[in-house]
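6 protein chains.
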Amino acid sequence: MSDDRYYEEVDVGEQWQTDGRTVTEADVVNYAGVSGDFHPYHVDAEFAGASEFGSRIAHGLLVLSIAAALESTENEHAFMYGFESMRFVNPTMLGDTIHVEVEVTDKSVKSDAYGVVTKHFDVRNQDDETVLACDKLELFERSDAA
Amino acid sequence: MSDDRYYEEVDVGEQWQTDGRTVTEADVVNYAGVSGDFHPYHVDAEFAGASEFGSRIAHGLLVLSIAAALESTENEHAFMYGFESMRFVNPTMLGDTIHVEVEVTDKSVKSDAYGVVTKHFDVRNQDDETVLACDKLELFERSDAA
Amino acid sequence: MSDDRYYEEVDVGEQWQTDGRTVTEADVVNYAGVSGDFHPYHVDAEFAGASEFGSRIAHGLLVLSIAAALESTENEHAFMYGFESMRFVNPTMLGDTIHVEVEVTDKSVKSDAYGVVTKHFDVRNQDDETVLACDKLELFERSDAA
Amino acid sequence: MSDDRYYEEVDVGEQWQTDGRTVTEADVVNYAGVSGDFHPYHVDAEFAGASEFGSRIAHGLLVLSIAAALESTENEHAFMYGFESMRFVNPTMLGDTIHVEVEVTDKSVKSDAYGVVTKHFDVRNQDDETVLACDKLELFERSDAA
Amino acid sequence: MSDDRYYEEVDVGEQWQTDGRTVTEADVVNYAGVSGDFHPYHVDAEFAGASEFGSRIAHGLLVLSIAAALESTENEHAFMYGFESMRFVNPTMLGDTIHVEVEVTDKSVKSDAYGVVTKHFDVRNQDDETVLACDKLELFERSDAA
Amino acid sequence: MSDDRYYEEVDVGEQWQTDGRTVTEADVVNYAGVSGDFHPYHVDAEFAGASEFGSRIAHGLLVLSIAAALESTENEHAFMYGFESMRFVNPTMLGDTIHVEVEVTDKSVKSDAYGVVTKHFDVRNQDDETVLACDKLELFERSDAA
Chain A
2 MSDDRYYEEV DVGEQWQTDG RTVTEADVVN YAGVSGDFHP YHVDAEFAGA SEFGSRIAHG
62 LLVLSIAAAL ESTENEHAFM YGFESMRFVN PTMLGDTIHV EVEVTDKSVK SDAYGVVTKH
122 FDVRNQDDET VLACDKLELF ERSDAA
Chain Y
2 MSDDRYYEEV DVGEQWQTDG RTVTEADVVN YAGVSGDFHP YHVDAEFAGA SEFGSRIAHG
62 LLVLSIAAAL ESTENEHAFM YGFESMRFVN PTMLGDTIHV EVEVTDKSVK SDAYGVVTKH
122 FDVRNQDDET VLACDKLELF ERSDAA
Chain S
2 MSDDRYYEEV DVGEQWQTDG RTVTEADVVN YAGVSGDFHP YHVDAEFAGA SEFGSRIAHG
62 LLVLSIAAAL ESTENEHAFM YGFESMRFVN PTMLGDTIHV EVEVTDKSVK SDAYGVVTKH
122 FDVRNQDDET VLACDKLELF ERSDAA
Chain U
2 MSDDRYYEEV DVGEQWQTDG RTVTEADVVN YAGVSGDFHP YHVDAEFAGA SEFGSRIAHG
62 LLVLSIAAAL ESTENEHAFM YGFESMRFVN PTMLGDTIHV EVEVTDKSVK SDAYGVVTKH
122 FDVRNQDDET VLACDKLELF ERSDAA
Chain W
2 MSDDRYYEEV DVGEQWQTDG RTVTEADVVN YAGVSGDFHP YHVDAEFAGA SEFGSRIAHG
62 LLVLSIAAAL ESTENEHAFM YGFESMRFVN PTMLGDTIHV EVEVTDKSVK SDAYGVVTKH
122 FDVRNQDDET VLACDKLELF ERSDAA
Chain C
2 MSDDRYYEEV DVGEQWQTDG RTVTEADVVN YAGVSGDFHP YHVDAEFAGA SEFGSRIAHG
62 LLVLSIAAAL ESTENEHAFM YGFESMRFVN PTMLGDTIHV EVEVTDKSVK SDAYGVVTKH
122 FDVRNQDDET VLACDKLELF ERSDAA
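Chains as they are written, first to last, in our numbering: chain A, 2 to 147; chain Y, 2 to 147; chain S, 2 to 147; chain U, 2 to 147; chain W, 2 to 147; chain C, 2 to 147.
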């Protein structure tokens with residue numbers, strides 16, 4: 002999705018929903034391989050099956066990675082700045098399908114050139130349970146600075 | 002690294018340094034493929050070469066993913082709970098080598114069963130520049146609850 | 002890019018240009034692994050270096066795969082139907098950056114429900130040389146059938 | 002399979018059948034990652050489950066990529082030249098096993114040095130349904146030119 | 002696991018057990034892609050289903066690769082030297098979970114600087130069947146040489 | 002390469018040379034991800050650059066995996082049985098191109114149904130240095146048992 006807006010053009014209160022994506026066994030295996038995180042909760046079905054989760058779970062940061070990509074837009078006037086208040090609320094099991102409910106919850110001028118836009122991410126699974134919540138902070142160029 | 006300590010056994014002020022890992026072109030390509038984030042800053046050398054960065058940069062969440070895996074330990078009494086104050090301070094270029102300077106900066110009892118341990122991550126590159134800073138929150142079991 | 006148009010809403014003569022993507026050594030290695038095509042022109046630097054190309058070249062169908070993904074839109078009223086007149090005109094070397102010049106060149110009603118839209122793909126590298134040309138045929142729903 | 006024949010040594014009417022390969026969920030996930038095509042029909046089980054297909058389907062160009070690799074031979078006298086009449090006839094579901102029925106259907110001299118050999122691909126699944134049909138054009142060196 | 006011991010500090014008779022890891026369909030697909038081994042026993046469910054194994058089996062060298070990684074430690078005084086007596090005893094099916102029973106079975110001085118330590122690997126699945134047995138030889142620095 | 006011979010049809014003294022393959026940075030990154038072996042010698046350019054090797058080296062078992070795949074044939078009468086005398090003789094650096102010099106060095110009847118064929122692998126790089134030597138043991142069906 003292309004979205005080339007400046008800081009002034011984004012409004013607090015905007016809401017939208019992203020496409021969904023299924024977090025497959027292959028995604029978990031591939032993310033283990035990219036990150037290097039082979040914790041038994043993710044790659045050992047016997048161990049995970051005997052745990053409180055009952056089966057393997059996806060890496061929390063895989064869920065974040067997919068959620069951030071689902072929400073990402075091509076905006077040459079905006080850059081990822083950081084995250085706040087990130088909480089892994091419920092596990093994502095292999096085969097769950099997640100999407101992101103996004104809301105612009107805050108804006109604040111940071112400098113003559115930039116403003117910070119806060120997007121709240123409510124990452125939900127196919128049962129409409131929140132699995133991950135966080136606030137993504139993006140730096141937007143101010144139009145009068147451009 | 003195995004580290005099976007309970008909440009009471011972790012002390013504020015502990016510090017250590019992880020192994021390093023080089024963030025290669027292949028890692029960036031693979032992370033694009035796992036996450037689905039094919040932003041031109043990461044996968045288009047012509048676009049990125051003409052940008053303020055001068056060449057392709059690694060995804061911020063790839064840097065986080067590698068940093069978290071470098072720091073991860075197998076502790077059956079601890080679970081990732083969330084992140085706070087995450088800031089992407091400097092870009093990581095293809096070929097940079099990162100490691101994490103970790104410090105336990107806070108502890109607080111959360112319930113009869115759990116306490117929260119805060120680890121500050123200072124992710125640094127081969128030139129000792131900070132590229133990513135964040136606080137990782139982990140839930141540790143309390144030993145008297147066990 | 003979202004583009005939910007029906008057959009009637011697409012016009013012969015429309016033209017646009019996609020984002021670019023660099024075809025890296027990692028892409029060629031990964032495509033060999035996905036497809037199973039480990040021909041020495043793609044994975045043996047000694048063999049390819051002694052060939053008429055002078056170095057390894059990307060798989061033609063990797064170039065097609067990337068081109069098609071760069072052009073793909075999310076349109077629930079359209080489906081890939083086929084390709085015609087596909088020619089691999091010039092090799093793509095590792096590190097080349099490609100994009101697609103797209104033009105709608107033909108439309109024809111196929112049934113009460115569908116029409117065929119022909120998009121000509123001119124896949125070009127960073128030196129503006131055509132490396133792949135083809136006609137992609139898509140089935141579009143007719144709006145009066147919907 | 003090694004097959005070092007010149008143009009003159011290939012006969013119209015030759016037929017053979019390739020090995021088979023199962024198109025797994027992991028293949029679809031990996032191809033999405035290599036190509037960059039994360040359309041919901043391929044990676045969102047909820048969306049695809051509610052569609053006319055009833056579940057996720059493989060990318061058409063993944064089917065083509067696997068088919069072409071199954072058929073590929075190491076012939077230093079032959080090069081991929083293009084494709085004609087490519088049609089995606091039926092969807093390939095995750096777990097389907099495909100192979101290619103190949104037939105040499107045409108030959109034509111192109112220059113003093115080269116001739117074009119046309120191989121018809123009939124890509125079939127485990128239920129002997131055609132999922133993809135196309136004509137692959139290869140340039141073969143002429144033996145008297147060698 | 003960090004284990005920075007010298008040759009003299011390792012004792013014949015030491016035994017331990019590694020973590021486990023499930024050998025998934027995605028691992029087999031990915032290993033086929035990395036190695037280039039697309040034998041139908043591993044990637045063709047129809048062929049493998051009709052074979053004496055009844056379904057696809059993991060590559061023997063994937064089982065070895067995972068076993069060796071499960072056992073690997075970071076010891077700057079030790080290096081992989083070779084393997085002896087490697088036998089693939091039983092097939093590993095997709096979804097099986099393996100771990101390694103390790104025992105130091107031999108030590109011998111090789112030079113003033115190095116000694117050879119032999120570790121016997123008994124790779125077992127979730128049913129406690131041995132699937133792979135081998136002797137891994139490692140070169141350890143002698144402490145008096147350091 | 003298809004090679005459907007029985008035990009009796011293989012002769013001690015046969016020799017051949019496989020195709021080559023370049024062991025790229027992407028292969029090393031991908032093998033780390035598949036195996037789970039992220040030792041700093043393979044993935045940390047700073048650490049490896051300061052080591053006796055001077056730069057990152059490929060995993061020994063990646064070299065074995067590629068070598069075995071280069072040599073593999075589709076023979077329904079033969080199965081991998083094991084390895085003997087495997088020695089990692091020289092490191093393989095990123096970008097080196099390897100191939101295998103194969104020789105049948107031994108045959109012995111094992112049972113009424115099977116015989117063991119020993120193939121010596123001399124894995125060499127582009128400078129004709131041996132990097133890995135081993136004996137691969139294969140079980141071949143005896144033709145009179147078939």
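The C-beta atom is built at its ideal place from N, Cα and C for all residues, glycine as well. Bear in mind the structure is a predicted one, so any value in this text is a computation, not a measurement.
Limits of the alpha helix (DSSP H) - the one that Ile67 (chain A) falls within: Gly61 to Glu72
Bridge-paired residues (DSSP) for Tyr115 (chain U): U:Glu142
DSSP state of Gly50 (chain U) mapped onto helix, strand, coil: helix
Cβ neighbours of Ser86 (chain Y) in the same chain (closer than 8 Å, five flanking residues each side left out): Ala134, Cys135 and Asp136
Closer than 8 Å to chain C by CB, Gln18 (chain Y): no
Neighbouring residues, chain C, relative to Glu75 (chain W) (Cβ below 9 Å): His40 and Pro41
Counterpart residues of Ala79 (chain S) in DSSP-defined beta bridges: S:Phe141
Three-state secondary structure assigned by DSSP to Ser56 (chain C): coil
Contacts of Ala27 (chain C) in chain S (Cβ-Cβ under 9 Å): Thr25, Glu26, Ala27, Asp28, Val29, Val30 and Asn31
Neighbouring residues, chain Y, relative to Arg88 (chain A) (Cβ below 9 Å): Tyr82, Gly83, Phe84 and Leu138
Best match in S:His78, S:Gln18, S:Gln16 and S:Asp12 for proximity to Glu53 (chain U) [C-alpha to C-alpha]: S:His78
Extent of the continuous alpha helix (DSSP H) to which Val35 (chain W) belongs: Glu26 to Ser36
Whole-angstrom distance between Asp28 (chain Y) and Val30 (chain C), CA atom to CA atom: 7 Å
Interfacial residues, the stretch 40–59 of chain S to chain C, with Cβ spacing under 7 Å: Pro41, Val44, Asp45, Ala46, Glu47 and Phe48
Range covered by the alpha helix (DSSP H) that runs through Val44 (chain C): Pro41 to Val44
Beta carbon of Val24 (chain Y) nearer than 8 Å to that of Phe141 (chain Y): no
Segment limits, beta strand (DSSP E) that includes Val110 (chain U): Thr98 to Val110
Interface partners of Val105 (chain U) on chain Y, CB under 7 Å: Within chain Y, no residue comes near Val105 (chain U); the closest Cβ sits about 36 Å away, beyond 7 Å.
Gln16 (chain C) and Val118 (chain C) closer than 8 Å at C-beta: no
Neighbouring residues, chain C, relative to Val35 (chain A) (Cβ below 7 Å): Gly34
Within-8 Å CB hit, Thr98 (chain C) to chain S: yes
Anticipated Cβ contact below 8 Å, Phe89 (chain S) with Tyr82 (chain U), distance rounded: 7 Å
Three CB pairs or more closer than 8 Å across the stretch 36–46 of chain W and the stretch 108–116 of chain W: no
Limits of the beta strand (DSSP E) - the one that Gln16 (chain U) falls within: Gln16 to Gln18
Pair within 8 Å by beta-carbon distance, His121 (chain U) and Gln18 (chain U): no
Reduced DSSP category for Glu85 (chain U) - H, G, I as helix; E, B as strand; rest coil: strand
Option nearest Asn91 (chain Y) by Cα separation, candidates Y:Ala46, Y:Ile58 and Y:Leu71: Y:Ile58
With 16 other Cβ atoms within 10 Å as the buried cut-off, status of Gly14 (chain Y): exposed
Distance between beta carbons of Ser73 (chain C) and Val1 (chain W), contact taken as under 8 Å: This structure cannot settle anything about residue 1 (chain W), because the visible part of chain W is limited to 2 through 147.
Contact under 8 Å by Cβ, Phe80 (chain A) with Glu139 (chain A): yes
With 16 other Cβ atoms within 10 Å as the buried cut-off, status of Asp97 (chain W): buried
Residues bridged to Arg22 (chain S) (per DSSP): S:Ile99
Beta-bridge partners of Arg125 (chain S), as assigned by DSSP: S:His100 and S:Thr131
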